[in-house]
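Chemist: In the UniProt record's numbering, the protein residues as written are 1 to 178. Beta carbons: idealized from backbone N, C-alpha and C, even for Gly. All values derive from a computational prediction rather than experimental measurement.
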Amino acid sequence: MRKLENSELERKSIADFKKSEKTPLILVLDDIRSLHNIGSVFRTADAFLIEKIILCGITATPPNKEIHKTALGATDTVTWEHHENVLEVIENLKKENVTTLAIEQVESAIFLQDFEVEKNKKYALIFGNEVYGVAQEAVAICDGCIEIPQLGTKHSLNISVSAGIVVWDLFQKMNWPK
Numbered sequence: 001m002r003k004l005e006n007s008e009l010e011r012k013s014i015a016d017f018k019k020s021e022k023t024p025l026i027l028v029l030d031d032i033r034s035l036h037n038i039g040s041v042f043r044t045a046d047a048f049l050i051e052k053i054i055l056c057g058i059t060a061t062p063p064n065k066e067i068h069k070t071a072l073g074a075t076d077t078v079t080w081e082h083h084e085n086v087l088e089v090i091e092n093l094k095k096e097n098v099t100t101l102a103i104e105q106v107e108s109a110i111f112l113q114d115f116e117v118e119k120n121k122k123y124a125l126i127f128g129n130e131v132y133g134v135a136q137e138a139v140a141i142c143d144g145c146i147e148i149p150q151l152g153t154k155h156s157l158n159i160s161v162s163a164g165i166v167v168w169d170l171f172q173k174m175n176w177p178k
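Structure, rendered in structure tokens:
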């Protein structure tokens with residue numbers, strides 16, 4: 001077994017990325033404080049050809065050298081926008097027939113492994129603040145909630161880790177259904 005060189009990985013150019021068909025997922029980041037978390041989510045979004053990231057509230061925006069440190073150029077490929085109010089964003093997405101899902105521990109949440117994607121449907125995944133999670137007001141207006149099962153003593157994951165887990169799970173369900 002030999003590790004592949006970067007030149008062997010056949011990566012897309014920025015122009016090819018922009019022209020590529022996107023995974024029908026929108027990531028909504030609300031009041032994310034860590035610039036490294038923001039950058040990491042951009043990098044995950046690039047890896048899985050995510051349609052767009054919507055940054056809300058105090059979430060910092062590119063260009064920013066601390067975001068760039070973990071995004072490694074993904075802020076140049078992934079479409080993004082900023083809005084002040086996450087509630088307005090969720091309402092507007094719902095008007096566009098996008099299914100909004102808070103990634104949070106709530107009553108009646110669907111465990112990630114049990115969530116089934118529907119063909120030809122677009123989803124927006126709402127991720128909240130590192131300390132408080134997704135705001136209750138946002139949870140209340142979402143179409144549903146997905147929970148990542150956790151078995152240890154901690155009951156939360158880093159937001160960039162959560163985004164990676166959920167995006168990968170939905171991506172593989174959309175692309176390689178059983």
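Could you tell me whether the region 73 to 87 touches the region 43 to 50, using the rule of 3 or more Cβ pairs below 8 angstroms?
Modeler: yes
Chemist: Within a Cβ cutoff of 6 angstroms, which residues of the same chain sit near residue 62, ignoring the five residues on either side of it in sequence?
Modeler: Numbered from its first residue, the sequence shown carries residue 62 at position 62. Once the five neighbours on either side are set aside, the close Cβ partners of residue 62 are 75.
Chemist: Between the Cα of residue 85 and the Cα atoms of 114, 54, 99, which residue gives the shortest distance?
Modeler: As a position in the sequence shown, residue 85 is number 85, starting the count at 1. Comparing Cα positions, the closest option is 54.
Chemist: Look at residue 127 and residue 146 and say whether their C-beta atoms are less than 7 angstroms apart.
Modeler: As a working mapping, residue 127 is identified with position 127 in the sequence shown. As a working mapping, residue 146 is identified with position 146 in the sequence shown. Taking 7 angstroms as the cut-off, the beta carbon of residue 127 is found no closer than this to the beta carbon of residue 146.
Chemist: Taking just the CA atoms, how far does residue 113 sit from residue 24?
Modeler: Within the sequence shown, residue 24 is the residue found at index 24, counting from 1. Within the sequence shown, residue 113 is the residue found at index 113, counting from 1. For residue 24 and residue 113, the distance between alpha carbons rounds to 19 angstroms.
Chemist: Which class does residue 32 belong to by DSSP, given the choice of helix, strand or coil?
Modeler: Along the sequence shown, read from residue 1 onward, the residue named residue 32 stands at position 32. In the structure shown, residue 32 sits in coil (DSSP, three-state: anything other than H, G, I, E or B).
Chemist: With DSSP as the reference, please indicate the residues paired to residue 129 in a beta bridge.
Modeler: Here the question's residue 129 lines up with position 129 in the sequence shown. 133.
Chemist: Can you list, in chain order, the residues of its chain whose CB lies under 7 angstroms from that of residue 72, leaving out five sequence neighbours each side?
Modeler: Counted from its first residue, the sequence shown places residue 72 at position 72. Cβ neighbours of residue 72 beyond the five flanking positions: 43.
Chemist: When the Cα atoms are used, what is the spatial distance from residue 98 to residue 90?
Modeler: Working through the sequence shown from its first residue, we reach residue 98 at position 98. Working through the sequence shown from its first residue, we reach residue 90 at position 90. Each residue's Cα considered, the two are about 9 angstroms apart.
Chemist: Kindly provide the ranges of any beta strand (DSSP E) runs that are 3 or more residues long and lie completely inside the UniProt domain "tRNA/rRNA methyltransferase SpoU type" (25 to 167), ordered along the chain.
Modeler: The qualifying runs are 50 to 56, 80 to 83, 99 to 103, 123 to 127, 144 to 147.
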